[in-house]
Every structure is written in C-alpha cells, then in structure tokens.
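**Q** Below are the structure tokens for one structure; questions will follow.
Protein chains: 2
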Amino acid sequence: MADVLEGNAVVGQSGGPTAVINQSLAGVIEAAARSGAIRKLLGARHGVRGVIQEDFVDLSGLDAGLLERVAATPCSALGSTRDKPDEEYCRKIFDVFAANNVRYFFYIGGNDSADAARIVNELAAEADYQLRVFHIPKTIDNDLRVTDHCPGYGSAARFVASAIMGDDRDNASLPGIKIDVIMGRHAGWLTAASLLARRDADDGPHLIYVPESAVSEDQFVGDVTEAFRRHGRCLVAVSEGIEDEAGQAWGARITQTVERDNHGNIQLSGTGALGDYLAAVVKTRVAEELGVGKLRVRTDTFGYLQRSFAGYASPVDQVEARLAGTTAVEYAMAGDHDGSVAFRRTGEGDDYAIECFRAELADVARDTKPLPAEYLNEAGNGIDESFRAYVAPLVGDLPVLGKL
Amino acid sequence: MADVLEGNAVVGQSGGPTAVINQSLAGVIEAAARSGAIRKLLGARHGVRGVIQEDFVDLSGLDAGLLERVAATPCSALGSTRDKPDEEYCRKIFDVFAANNVRYFFYIGGNDSADAARIVNELAAEADYQLRVFHIPKTIDNDLRVTDHCPGYGSAARFVASAIMGDDRDNASLPGIKIDVIMGRHAGWLTAASLLARRDADDGPHLIYVPESAVSEDQFVGDVTEAFRRHGRCLVAVSEGIEDEAGQAWGARITQTVERDNHGNIQLSGTGALGDYLAAVVKTRVAEELGVGKLRVRTDTFGYLQRSFAGYASPVDQVEARLAGTTAVEYAMAGDHDGSVAFRRTGEGDDYAIECFRAELADVARDTKPLPAEYLNEAGNGIDESFRAYVAPLVGDLPVLGKL
Chain S
-6 MADVLEGNAV VGQSGGPTAV INQSLAGVIE AAARSGAIRK LLGARHGVRG
44 VIQEDFVDLS GLDAGLLERV AATPCSALGS TRDKPDEEYC RKIFDVFAAN
94 NVRYFFYIGG NDSADAARIV NELAAEADYQ LRVFHIPKTI DNDLRVTDHC
144 PGYGSAARFV ASAIMGDDRD NASLPGIKID VIMGRHAGWL TAASLLARRD
194 ADDGPHLIYV PESAVSEDQF VGDVTEAFRR HGRCLVAVSE GIEDEAGQAW
244 GARITQTVER DNHGNIQLSG TGALGDYLAA VVKTRVAEEL GVGKLRVRTD
294 TFGYLQRSFA GYASPVDQVE ARLAGTTAVE YAMAGDHDGS VAFRRTGEGD
344 DYAIECFRAE LADVARDTKP LPAEYLNEAG NGIDESFRAY VAPLVGDLPV
394 LGKL
Chain H
-6 MADVLEGNAV VGQSGGPTAV INQSLAGVIE AAARSGAIRK LLGARHGVRG
44 VIQEDFVDLS GLDAGLLERV AATPCSALGS TRDKPDEEYC RKIFDVFAAN
94 NVRYFFYIGG NDSADAARIV NELAAEADYQ LRVFHIPKTI DNDLRVTDHC
144 PGYGSAARFV ASAIMGDDRD NASLPGIKID VIMGRHAGWL TAASLLARRD
194 ADDGPHLIYV PESAVSEDQF VGDVTEAFRR HGRCLVAVSE GIEDEAGQAW
244 GARITQTVER DNHGNIQLSG TGALGDYLAA VVKTRVAEEL GVGKLRVRTD
294 TFGYLQRSFA GYASPVDQVE ARLAGTTAVE YAMAGDHDGS VAFRRTGEGD
344 DYAIECFRAE LADVARDTKP LPAEYLNEAG NGIDESFRAY VAPLVGDLPV
394 LGKL
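Chains as they are written, first to last, in the working numbering: chain S, -6 to 397; chain H, -6 to 397.
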C-alpha cells in the first residue's frame, strides 16, 4: 500500500437498525486495528449527531470477547439517528473532522447516510483536506441501488419467513382470514420474502401485496374472497407501504394524524392502523361477498421485531455484514478514493457466493431500488416463484415443517 | 400392567395453538404405538368438532421421520377448535366413541378442554362404558391450575424475552417511548417473562404491566414520564389484558366493536387497538408532563407470533411437551383412572428438573391460575426479580448481548 494516509477514523451508524448492523461495526473495528494507518478509531454516538457534538467512544483496542458480543447484538450499539444533514450540518461534521485529524469516515446506513457521506466528502475535497469516506450499506428494506442486496435484509427476511411459516400453521389450525403487515415503506423486498413460507400448494401466504403493485380496495376484497373459497382460509402478507390505484399509500389515507420523521417520511411502522383497517374491510365486505354473517379475521403487524429480534439473525447475513465493514476499511486503505461497499453475486443456489466491489457514493445516495417487475405476478397480488432463488441464500436454512 | 383395556384411542387438539403442541401429539402417537393395548389411534380433525363429525385421520404406524417433522412444527397439526362442548355436545362425542370402540381419549388443550374431557368422562361413567380420558395441558398463558407450568409457555416466553431484548436495543438506538403489547387475557405470566430481557440496570423493559395489578391511566402516565426522565427513553411491556382501577379491561373499554369468541371471551388479540390507544395517551399526556412538543412513540403488538413462530421454540419446552404426551398414555395404560398430566419441579437453577404427576380433571378444568402476588412489585408496574428463577429454566439459553 503505497498511499498510506495516517490519522484518526470515525465510524457511525444511522437510520433504522438491523439485526446485523453491529457486525459491520465489528468489521470496521477489526480492520481498523490491523490497518497500520488508523491511529484512533472513534465511534460517534448516534451517528452524525454524535460527530457534531463530539460525543465519541474510543473503539481502539476493544476486547475481542466484547467485540464478538457486540457483533452478535441486534441494533446500533453506537446509537442511531434520523438526522438528515444539510450542507451546514455537513460543514460542522467536516470542521470536527479537521479539528481531530480525522482522515477516515465510515458511515453505516441507508441511502440517506450515503448522501450525507457524499456531501461531507465534497466539502473535504473543496477544502483540499484529505478525507476518505466510505458508506457501509444496511437496510432491512433491501432497497439500495447498485448492490445485489443489503446487509440486514437477510435477517429481516428470515424473521418474516419464519413468522409467516408459523402463522400459516396457526391459520390452518383455526381457519379464518389472517392479515400480516410487513415493513417496507416503498419497496416490497421484505414482504416478498414471505414467499419462502409457501412450500405446498395449500400453504400461505395465499396473497402477497407489495408497494410496487397498486391494489384497489375492490381488488383486495375480490382476491381475499376467492382465496378463502379455494383454501377455506386465507393468509395475506401485505407491505405497510401498499398503494391504491391512485398511487396513494393506504397507510397515509387511513392514518388521521400523520406523523412525519425528519426525512419527511410518514410514519407507517409502529402502529396497527393499517392492519386494523384491512381487517375491518374483510369483516364487512368479504363476509358480504361470501354470504356469511361472521368471519374470523385477525391481523398482526410484525413491526420492529423484524429488524431487532435477538438470536435469530441469518448466518449468511451476519458474515456478509461483517465483510462489508472490513472491506470498507480495506478499500479506504488501498487508495485515495471513496465510495460505498456493494455486493455482486458470483454463485447461485448451493454455490451461492458474493464478492464485494466499490460503488460510487452518488450512485447509492438518495434514490432507492424497487422490487423489479419480473418478480411481481400479473394479477398484482403475488410474487413470482423466480424470486425464491434470489432470496433463499440470504435467509439461510428455514425450519422444515411436517403436516398430517 | 394387570388392567389392560384394549380398544381404539382418539387424540385431539383444542384452543389457541402453541409452538410445541405437536410435541405432545407426537408423544401420544409414540406411546400409543408401544402401548400394546391401543389398536388404532385416531386423530380428530379440529378437536371435538372432528369427533362428532367423525373426521378422523389414522395415526397408527406413522412414519418416524414425518412424526419428528410434525413434532417440530408449531401449531395444531390436527387442526384446532374453539368449540366448548355443552352436555349435549359431549353426549354426541360419547356416542361416537361408543360406536367406534374408543376406550382412550387424549385431549391436548387448556382448561376448557379439561372441562370437556371431564364431562365426556362422566357420561361414560354413567353409561358404565369403560373410557379413560386424559387431558394434556398446553397454553402459552401458563394459567392452568395444579401444574408448575404448562407446555407451550416456555416457547412463547422465549419469543417474548428475545423480542423485548432486541427491541430494547432498538429503543436505545433511537431513543423514545416504545410500548409492546403481549398476549395474556387474564394472566400476566407471558408478559412477566419480558423481565428476562433486563440484564443491566438501564435495560428495558422499564415498566411491566400485567392484569393482576390494576393500573389507572394516571398511574400509567406518571410511570412512563418518570421512567423516561430516568433513562432518556422508555420500553414498556404490557399485557393485552391489563385492567383499570375499576377492574375493567382497558382493551374492552377501547374496542368499540366487541367481538366475543364461543367461550364468551372478548377479542383482545389480533388487533393493534390497545397499543395504538396507549401510544396516543403517551403522545398527549406524557409529552405534556415532560413539557415537550413531540415524543417519538411507537408500539408493537406481538400477536400470534408468540405462539406460532417457527424455528425458535424452547428446547426444554419441546422435551417437556413430548413428555406430557407420552405420560398421558402411560397413565391411561396403568390403571382405570383419568386425569390431567401435571409437572412438579424437582430441581432449581442449573439442576432444574421436573417430574410428572396425575391431577384430577376437575381440579384443572375451568378456573385459571393468575401470577401469584409474590411476583408483583408493590408499585404495580413491574415484576419481582424472584420470578427470574421460575421462568429462566423454561425458556432456555438466551442471547448474550454486548454494549459499547
């Protein structure tokens, strides 16, 4: 490594946590320790907010046992933030970096974090200050561009698949209509993973709704009615971000008091409103279609458990999240460049494998990647079987169920 | 075994499923096969309903591989029912038994199932028809009398503990007030298991509310405000069945359209209404107490995942549920008596062990067992540390987390 840049480094975590976001942090800590160039690795408490408040924890020389325990712990060990830095905020970040001889910045987060990293990087370039900035992707939504998939997604998908698998058996035990609301504001990747729960023809989910396929209330009622007639029960997996035929999110239409976060996003998670609304639609309109007085209708909103549940992360996801962390540091050591760590799939099925490559920050920042049309069924109420090959290796082995 | 009664046997599953209810079924199948007295073992589809409709599946000679897969599958493989048989219904059951030379009836269920078993048993005695009836306990609520604990509880408690453990890290990542609604209509056993998530003084759950301790809205607001001031965040574990100072369930007060099941129980599960209500209380009243304009408040209702999640059952619970099934058959073989299988704890801590004993059906039927007062804290907003020794062995090893 000809181009050694000595100095301090900062690492932070941002946005909604995942079950493996600390694996990436552990990767950064490990690789920084052996870099030979990073003198002190500072962990910023609550992401960029910790940077501007100079609220740091020294991560150099962390005990190996503690490192592994932290790595296996869900959610952001450094704390997270929803702050979306504007130019002025980024200037403050840069000033702190310059004052502390910070030459490396590793930011573990989603596309908003990639954008913040990009702006800080530009400010450093303008000031002719050598700073190497690497974004380390994480999101259970799996909606970052460029990369094949995102660390954090596999574990959330594993949770969803196991939950739907069990809930399908619950629904078969006491037949009725069950609606499960799954995270995913704009992208249906996580909801689509419920497909893995379906092994036999009669298995749920019998219907899967994602934001990429608009669904009207009439279609929803018709679909559920037909599925119930066919199976004598119906399990529905629905994304919290589903949109109606006019392109409006059902959740937004329903929620009377709309709460927005700092990124202008409407709060869809952390409330049972969409599920309760859909249940009410089924109890009235589907019951009428079926000509029955009363229907057993239940709804669950999987909520924050999808990203935080302890002890059930995907083994592959853990390894890959760690790799993303170490790779970011190695890329930063290797030359005067910046970017985001991305995955490319180099093997499928039993030979599943990935390799990392460097993506440009600007290509990852801001816009997101929806579920491609090839994975959506024509009727707009299901996921194509071809999606199984994409998602199965990311989730790891799932329980094998038995039926009588 | 001097007193061999030859004939057929019926096994059925009833009520809300659990993650290990099929372990008990597998236990019955195994023990029946080696009994030497049971000619044919008939599985009743959907419990007593399958009996009166003579909807049976022959479980004799089941393939060993399939048996193990079924055993490891959550929820009732035979299907369940909410039917609560009255005297006439029980007479029909008895008629089917008599017509099919059924001499053994194994019913896996809660206290209502024990009661149904008891009535059928009395009818058989009146008719001078030799029938041996055994109830095999299951309930995630853990509220059956006589037994130390119920098969199904440990797995649900394991799910709750891991969920709260992860969610506490989520809440620490993005501080705010988080409310998690946990199953348990009348008894707080399952909600109390959230205590296992608390390892350090700052860990959540910071407040635990169970139906056994009445809580007024004023107390709830005061408690949350104080906890938030102390920890800078607050994680609340609350039972779906909490009652106010007038002894009314919060859920019933809130739910405008009250749905009751066949046992006259109000539907508290399968809706996000209580969580959303509590969140609204916090957003207004706690925010006012704290003098802040806006609070980050989220709520999750853990719902059916607690009893159905695939792949995360407690190992101890699996073994014990199997044991309850085999023991019921062995008791039935051993003499002309009936009853319910109960557990007695014979060792604590690392030496945790149980032994089975026979309980009378009448002692298990109907009434339930609340969380004893010794496990409730004085303020009515937490669980005493002594509960840990009771619940920990039932749940099995939990993840060990690391913090920075």
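Quick reminder that beta carbons are idealized off the backbone N, C-alpha and C, glycines included. The model shown is predicted, which means the values in this text are computed figures rather than measured ones.
Which of the residues in the region 93 to 115 of chain H, read from start to end, lie with their CB under 9 Å from any CB of chain S?
**A** Within the region 93 to 115 of chain H, contact with chain S at the beta-carbon level (separation under 9 Å) is assigned to no residue.
**Q** Which chain S residues sit within Cβ distance under 8 Å of P10/H?
**A** The contacting residues are R162, D163, S166, L167.
**Q** Thinking just about the alpha-carbon of each residue, which of R75/H, L200/H, V322/H, I86/H is nearest to the one in S418/S?
**A** Chain S is shown only over -6 to 397; residue 418/S falls outside these bounds and no answer can be derived.
**Q** For chain S, check one thing: does any of its Cβ atoms lie closer than 7 Å to the Cβ of Y305/H?
**A** yes
**Q** Within this structure, are the beta carbons of V3/S and F87/S separated by less than 7 Å?
**A** no
**Q** Are Y345/S and D293/H closer than 7 Å when you measure CB to CB?
**A** no
**Q** Hey, is the region 29 to 36 of chain H in contact with the region 371 to 379 of chain S, meaning 3+ C-beta pairs nearer than 8 Å?
**A** no
**Q** If the cut-off is 8 Å on Cβ atoms, which residues from the region 278 to 301 of chain H count as contacting chain S, listed in chain order?
**A** V290, R291, T292, D293, T294, F295, G296, Y297, L298, R300, S301
**Q** Which residues in chain S have a C-beta closer than 9 Å to the C-beta of V63/H? List them in chain order.
**A** L394, G395, K396, L397
**Q** For the pair the region 18 to 25 of chain S and the region 77 to 86 of chain S, tell me if three or more CB-CB distances fall below 8 Å.
**A** Segments in contact, no.
**Q** State the Cα-Cα distance for the pair A385/S and A317/S, rounded to the nearest angstrom.
**A** 20 Å
**Q** So which of G8/H, D216/H, A194/H, S106/H has the shortest CA-CA distance to I201/H?
**A** Of the listed residues, the one whose Cα sits closest to I201/H is D216/H.
**Q** Contact criterion: CB-CB distance below 7 Å. Does T319/S meet it with respect to chain H?
**A** no
**Q** If you scan the region 177 to 264 of chain S from start to end, which runs of the alpha helix (DSSP H) of 4 or more residues do you find wholly inside it?
**A** 182 to 185, 210 to 224, 243 to 247
**Q** Got a sec? Which residues, its chain only, sit under 7 Å from A303/S by beta carbon, not counting five neighbours each side?
**A** P67.
**Q** Among the candidates G36/S, D356/S, Y146/S, whose CA atom is the shortest distance from the CA of L52/S?
**A** G36/S
**Q** Does the beta-carbon of S301/H have 16 or more other beta-carbons within 10 angstroms, so that it is buried, or is it exposed?
**A** buried
**Q** Decide yes or no for the touch test of the region 140 to 156 of chain H against the region 271 to 290 of chain S: beta carbon pairs closer than 8 Å, at least 3 of them.
**A** no
**Q** Could you please give me the residues that DSSP links to D311/S through a beta bridge?
**A** Here residue 311/S is Gln; the residue named in the question, Asp, does not match the sequence. Beta-bridge pairing links Q311/S to no other residue.
**Q** Using a Cβ-Cβ cut-off of 6 Å (strictly less than) and excluding sequence neighbours within five positions of T11/H, which residues of its own chain qualify?
**A** K131, I133, G145, R300
**Q** On the DSSP bridge list, what partners appear for S333/S?
**A** H128/S, A352/S, per the DSSP bridge assignment.
**Q** Could you spell out the range, first to last residue, of the beta strand (DSSP E) harbouring L267/H?
**A** No beta strand (DSSP E) contains L267/H, which is instead part of the alpha helix (DSSP H) from 266 to 274.
**Q** Starting from G147/H, find everything on chain S with Cβ-Cβ shorter than 9 Å and list it in chain order.
**A** By Cβ distance, chain S contributes nothing, its closest Cβ being about 15 Å from G147/H, past 9 Å.
**Q** Tell me I31/S's beta-bridge partners as DSSP assigns them.
**A** G0/S
**Q** Any beta carbon from chain H within less than 7 Å of M176/S's own beta carbon?
**A** no
**Q** Mind checking whether L59/H and G43/S have CB atoms under 7 Å apart?
**A** Against a cut-off of 7 Å, the Cβ pair of G43/S and L59/H comes out as no contact.
**Q** Say whether chain H places a C-beta atom closer than 7 Å to the C-beta of I31/S.
**A** no
**Q** Between G402/S and S73/S, how many whole angstroms is the CB-CB distance? I'm expecting something under 8 Å.
**A** Limits of chain S in this structure are -6 at one end and 397 at the other, which puts residue 402/S out of reach.
**Q** Candidates E367/H, F295/H, G103/H, F336/H: which alpha carbon is nearest E205/H's?
**A** E367/H is the residue among E367/H, F295/H, G103/H, F336/H whose C-alpha sits nearest the C-alpha of E205/H.
**Q** Got a sec? Which residues, its chain only, sit under 8 Å from P198/S by beta carbon, not counting five neighbours each side?
**A** Same-chain partners within the cutoff: I157, D161, D173, S187, L188, A190, R191, L228, V229, A230.
**Q** Can you grab the Cα-Cα spacing for the pair A273/S / I170/S, in whole Å?
**A** 11 Å
**Q** Which same chain residues end up closer than 7 Å to M(-6)/H when comparing Cβ atoms and leaving out the 5 residues on each side of it in sequence?
**A** The pLDDT assigned to M(-6)/H is 45, lower than 50, so where the model puts this residue is not dependable; a value taken from the coordinates is nonetheless given after this. Only M326, A327 meet the Cβ criterion.
**Q** Ignoring anything shorter than 4 residues or poking outside the region 38 to 113 of chain H, list the alpha helix (DSSP H) runs there in chain order.
**A** 40 to 45, 57 to 64, 80 to 92
**Q** Roughly how many whole angstroms lie between the Cα atoms of A180/H and E281/S?
**A** 36 Å
**Q** Mapping DSSP to helix, strand and coil, what is F300/S?
**A** First, the amino acid is wrong: residue 300/S is Arg here, not Phe. Correct three-state label for R300/S: helix.
**Q** Using the DSSP secondary-structure output, state which residues sit across from I347/H in a beta bridge.
**A** R338/H
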